[in-house]
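Worksheet: one structure, shown below.
Numbering (my numbering), first residue to last: 137 to 267.
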């Protein structure tokens, strides 16, 4: 009998959960009240990664918002901004550039409110990588 490690979810799924927590925070909820509902369904390994990304986005909140303001042509919706914030935090945590952009776009595709804006989001993330 082998002890198989539980498989961690894709980064796109984790970013989607992180964006949900970030969205709640951006709407004025406390971080303590956002993490449970947004990350509660994730397995422990994925939850730890997601929590680290959310905390990184909060630690660098001012800088991330400055980057978004400088790179985005139009003010992004709160849903797009939330996903951009956690994606930028993942980039700052040294996740692979290509992986973060690819998985953020995949996360946007799976959320109806973001589906039409995935191309714009990909352009914004790629602009940030050039900085």
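Just so you know, even glycine gets a beta-carbon here, dropped at the ideal spot from N, CA and C.
Only a predicted model underlies this, so the values are computations on that prediction, with no experimental measurement involved.
By the C-beta density criterion, residue 168 is exposed, having fewer than 16 other C-beta atoms within 10 angstroms. Comparing alpha carbon positions, the residue from 165, 146, 145, 254 closest to residue 213 is 254. Annotation for residue 148: the continuous alpha helix (DSSP H) segment containing it runs 147-162. Look at residue 171 here: in three-state DSSP terms it is helix. Separation of residue 248 and residue 194 (C-alpha to C-alpha, rounded to the nearest whole angstrom) is 25 Å. In the three-state DSSP reduction, residue 213 falls in the coil class, being neither helix nor strand.
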